[in-house]
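Have a look at the structure below, then the notes.
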Amino acid sequence: MQQPNALQARQILKIQSIFGLILTIIALPFGSPVAISVLIGAGTCWLANALLVVWVFRAYRAQAPERLVLRFYSAEVAKIALILALFGVAFAIYDELNIPALLGAYFLVQVIPTLIAAQTGSRTQ
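In numbering that gives the first Met the number 0, the protein residues as written are 0 to 124.
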């Protein structure tokens, strides 16, 4: 995982984990069901993106670009399957799940760290 894109993906994962923990801390005053829902949403987002990064950025041969495309699409399908499975488990196990907090945290952890990384990346280049 030494390609520049892999390093940027790792940076985004690091920002996502920190941002997810910050969101969870911010949600604590709203009660433990909300904070746990935020943690589940943020964690699901991070785990799915980590799976994608590991899957896409493992070693590959440049002589076979079509395999890289197949790998990318396979990783996206696996990511979506993991998200659905984790959300399904959360819905089945945790009765006090706050769906707006869960989905809001997932969305924020997906979008905001990427915007932060894009801004910091444009300043360093």
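Here a beta-carbon is modelled for each residue, glycine too, at the ideal position from N, C-alpha and C. Source: prediction; values computed, not measured.
How would you label Thr123, buried or exposed, when you count the other beta carbons within 10 angstroms and need 16 or more for buried? As a first step, residue 123 is located in the sequence shown; it is residue number 124 there, counting from the start. For Thr123, the pLDDT reaches just 47, beneath the cut-off of 50, and the residue's location in the model is therefore unreliable, although a value from the coordinates is still provided. Exposed.
How would you call Gly30, buried or exposed, if buried means at least 16 neighbouring beta carbons within 10 angstroms? Position 31 of the sequence shown, counted from the start, is the residue given in the question as residue 30. Its Cβ having fewer than 16 others within 10 Å, Gly30 is exposed.
Run the CB neighbour count on Tyr72, radius 10 Å, all protein chains shown included, and call it buried at 16 or more, exposed below. One-based indexing of the sequence shown puts residue 72 at position 73. Burial call: exposed.
Can you find at least 3 beta carbon pairs, one from the segment 80–93 and one from the segment 8–19, that sit closer than 8 Å? no
When DSSP labels each residue in this structure, what does Leu85 get in the three-state scheme? Counting from one through the sequence shown, the residue named residue 85 turns up at place 86. Leu85 falls in the helix class under three-state DSSP.
Leaving out five residues on either side along the sequence, give the residues of the same chain with a beta carbon under 7 Å from the beta carbon of Ile39. As a first step, residue 39 is located in the sequence shown; it is residue number 40 there, counting from the start. Contacts found: Ala89 and Leu101.
By Cβ distance, which residues of its chain are closer than 6 Å to Glu95, with the 5 residues on each side in sequence left out? Your numbering for residue 95 matches position 96 in the sequence shown. Once the five neighbours on either side are set aside, the close Cβ partners of Glu95 are Pro32.
Whole-angstrom distance between Gly42 and Val55, CA atom to CA atom: On the sequence shown, position 56 is the one that residue 55 refers to. On the sequence shown, position 43 is the one that residue 42 refers to. Cα to Cα, Val55 sits roughly 20 Å from Gly42.
Of the residues Gln118, Pro99, Val108 and Leu107, which one's Cα is nearest the Cα of Ser36? Counting from one through the sequence shown, the residue named residue 36 turns up at place 37. Residue Pro99 is the option with its Cα nearest to Ser36.
Secondary structure at Tyr72, three-state DSSP: helix, strand or coil? Locating residue 72 in the sequence shown gives position 73, counting from the first residue. Tyr72 falls in the helix class under three-state DSSP.
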